[in-house]
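Below is the structure:
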């Protein structure tokens, strides 16, 4: 065991305890960021186990119940296990996982801190501690927990994935790229690692490599029969940012086909068509986008441009007014300078 890891394992439980004391539940809830770095890309994975019957809670293991989101059944089974086995570190971890899934991050941290005082060798505890800290808006404290998880379990691809995501969030793109390559070496079929690897390459100015990586993600999604628009959207955003609007049409149409409720896919498709001068095609697409997400100011801005090009002055004025109201209120989604990109060109994953 490295001296660095030994030092972390002495200090990190105390840090968790301090975090739990620093925040009242009310303050913690106020700091939980909607759409944090883990929410849209990652679903935390505990210990998974197979079962012959997913409907009978008496025949499902505790981690499987948590994995299925059957938290009431999981709590009941956890109470039974505590009564039989006492306060074991692994049971405390499962309780913390339930609390995390319920967005009770402080309580989850408290149970993890208790688990670490009993045993500090479980990498899953460190992973979950890092995720809790990110969700509390304390990303600055989360990194050492992901590092510790990787050191304890070098072949745990999820530990490396979380660490890579954290490095990406800190804009350490070169290190993120290295870590995400390691994730893919450990788990070649893990789609999200390809997506984030593409982001890391894009941020390093390696656009052509990023495009190839997004295509790999798309091929993997198709092979696995995954109905996910995400890799298509990431590819299309990059192509649009490079002014390769014609090339962006195919992935955007596929994204719309996969997710009929995605206003983002329609806004991006409408943007590409607008830049190509195909206003008659762009109009219904953007109208659908605005209907799906009325507060998407980018859709309204693009609609204004399309109406103006089509000579519909009153409609253009109406959309411009809507855009201005959303822009001034600060409540609209996205901006006309950054359509469809969740973090902005050269500034992914804040």
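Numbering (the numbering used here), first residue to last: 11 to 360.
Yeah, the Cβ is synthetic: ideal placement off N, Cα and C, and Gly gets one too.
Under the DSSP assignment, residue 137 falls in the alpha helix (DSSP H) whose first and last residues are 133-145. In this structure, the alpha-carbon of residue 287 lies about 14 Å from that of residue 250. Scanning 313, 224, 271 for the CA closest to the CA of residue 302 turns up 271.
Rounded to the nearest whole angstrom, the CA to CA distance from residue 275 to residue 282 is 11 Å.
Closest in C-alpha terms to residue 144, from the list 179, 130, 122, 135, comes 179.
The Cβ neighbour count for residue 119, taken over all protein chains shown within 10 Å, is at least 16; the residue is labelled buried. In the structure shown, the three-state DSSP call for residue 306 is strand.
Per the C-alpha coordinates, the member of 196, 183, 147 positioned closest to residue 208 is 183.
Secondary structure at residue 261: helix, using DSSP grouped into helix, strand and coil. In the DSSP assignment, residue 188 falls within the alpha helix (DSSP H) that extends over 183-196. For residue 164, the three-state secondary structure derived from DSSP is coil. Going by beta carbons, residue 321 and residue 299 fall outside the 9 Å limit.
Assignment of beta strand (DSSP E) within the region 194-270, counting only whole runs of 3 or more residues, yields no such run.
Rounded to the nearest whole angstrom, the C-alpha separation of residue 169 and residue 159 is 6 Å. Counting every other CB atom within 10 Å of its CB across the protein chains shown gives residue 327 a total below 16, marking it as exposed. If you draw a straight line from the Cα of residue 236 to the Cα of residue 197, it comes to about 17 Å. For residue 329, the closest alpha carbon among the candidates 340, 256, 307, 228 is that of 307. Assigned with DSSP and collapsed to three states, residue 114 falls in coil, not helix or strand. Rounded to whole angstroms, the separation of the alpha carbons of residue 324 and residue 333 is 14 Å.
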